[in-house]
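Below is one structure, written out as structure tokens; the observations come after it.
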Amino acid sequence: MFLMEEFGNKIIEWYKIHKRDLPWRNTNNPYFIWLSEIILQQTRVDQGMSYYLKFIEEFPTVKELANAEDEKVLRLWQGLGYYSRARNLHFTAKLIVENYNGVFPADFQEIKKLKGVGEYTAAAIASFAFNLAHAVLDGNVFRVLSRIFGIDLPIDSTKGKKHFLELCNQLLDKKNPALFNQAIMEFGALQCVPKNPNCSSCFFIGNCTAFSKNKVFELPIKSKSLVRKNRYFNYLIITHQQNVMIKKRTENDIWQNLYDFPLIETESSTDFTELKQKIKNHDLLKNKSWTLEKVSPSFKHVLSHRDIYTSFFHIKMDEQPSINANYILCQVSELDNYGMPRVITRYLDFNLAEIN
Ligand code: SF4
């Protein structure tokens, strides 16, 4: 690992040797930089280049873009896709002329208010055009930082984004924010690329946590790629006459505020003898008289990050169950009035008759 300022010096050193000569890098005109950033939002550099050149030739100033016919702007944009970008571009050009007298705002917060400009684009314009100390955080930067510093927080989580933004702002060379931001993005675009990063000839090989721990291809992490988790739900369908016991899910967990049956969750798939013991000890059944009438097979229910294995145990009580604040004793015929998770309603669709 290295000191924070060493990182900035090193990445800028790399950039000076390897950077591509791109037209929007040879200017600090905020209008040109904004144009290039909007064009490159969902477009590769090689594809976006000709559009950028066409736009600055046709509309050399923000006023000329503002005064253009809608059709002309859309025609020039043709082939780039995501036409809302072109409409936002035109709208914002008019707004700059009307509200800022045609002068591009030079303040990060003001830039961020412009339509089509998010946190990243605002930081890019603020730093590239005005050399303001705002770190850019795009896909390239996430990848570079997660690998070099070995950060395994999901980059699409709030916690992850906050952590990366703080780190990025700490690393930012405050005297050269434009250069630093260009450098780290270019490093991610050319060297530390997603599929075949050029580790063997990398400047950072001695400082790279992912390389030393053999985790280059595991980072960065997205929450969607997190390991799936299994959960094992054993539902007790406890009935007495025409009533059944249900419970509102108030915990900070899946299906919050929906209703389900009394639940025994186990760490793993549990054998029947062990489970029967747990059922006997359940609050609602302990020292009561009841009969286990049916045990369903286990159903797999797939959620975005986990698989829920669910079984249902039909239990008939001979006596009125004691009322407990956590549970509701409702009529079986009224179950429909309670919102329940899909895994339960699907089961009831086929088995309601048996609990009635
Ligand atoms: S060593 Fe490989 S993974 Fe690490 S920064 Fe360099 S290119 Fe990226």
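Just so we're aligned, residue 791 is where the sequence shown starts under the numbering used here, counting upward by one.
Built from N, CA and C at the ideal position, the CB exists for glycine as well.
By the 16-neighbour rule on beta-carbons within 10 angstroms, G869 is exposed. Look at A1000: its beta carbon is less than 6 Å from one of the heavy atoms in the ligand SF4. With contacts defined as CB atoms closer than 7 Å, A914 and I901 fail to qualify as a contacting pair. DSSP, read as helix, strand or coil, puts Q981 in coil.
Between the ligand SF4 and the CB of I938, the shortest heavy atom gap is smaller than 6 Å. Going by DSSP, N1141 is part of the alpha helix (DSSP H) stretching over R1132 to I1145. The alpha carbon of T1029 has as its nearest neighbour, out of F1103, K905, E1008 and D1043, the alpha carbon of F1103. Sorting G798, Q837, K800 and Y842 by C-alpha distance to the C-alpha of R815 places Y842 at the top.
For L922, there is no enclosing beta strand (DSSP E), as DSSP marks it with neither H nor E.
Straight across, the Cα-Cα distance linking L1119 with S1112 is about 10 Å.
Membership of F1103 in the beta strand (DSSP E) is indicated by the continuous run R1096 to M1107.
Here DSSP, grouped into helix, strand and coil, assigns K1012 to coil.
Secondary structure note for K1037: it is in no alpha helix (DSSP H), and the uninterrupted beta strand (DSSP E) holding it is N1033 to K1038. Here the alpha carbons of E861 and G798 stand approximately 44 Å from one another. For T1060, no beta strand (DSSP E) run applies, since DSSP gives it neither H nor E.
Secondary structure of L1119 (DSSP, three-state): strand. Listed as beta-bridge partners of R1021 by DSSP are I1098. For W1080, no alpha helix (DSSP H) encloses it; the enclosing beta strand (DSSP E) starts and ends at W1080 to V1085. At least one heavy atom of the ligand SF4 lies closer than 6 Å to the C-beta of F994. For K862, the enclosing alpha helix (DSSP H) begins and ends at D860 to W867. Annotation for F1089: the continuous beta strand (DSSP E) segment containing it runs F1089 to V1092.
Non-local C-beta neighbours of N1047 in its own chain, meaning closer than 8 Å and more than five positions away in sequence, comprise K1038, R1039, T1040 and G1129, ordered along the chain.
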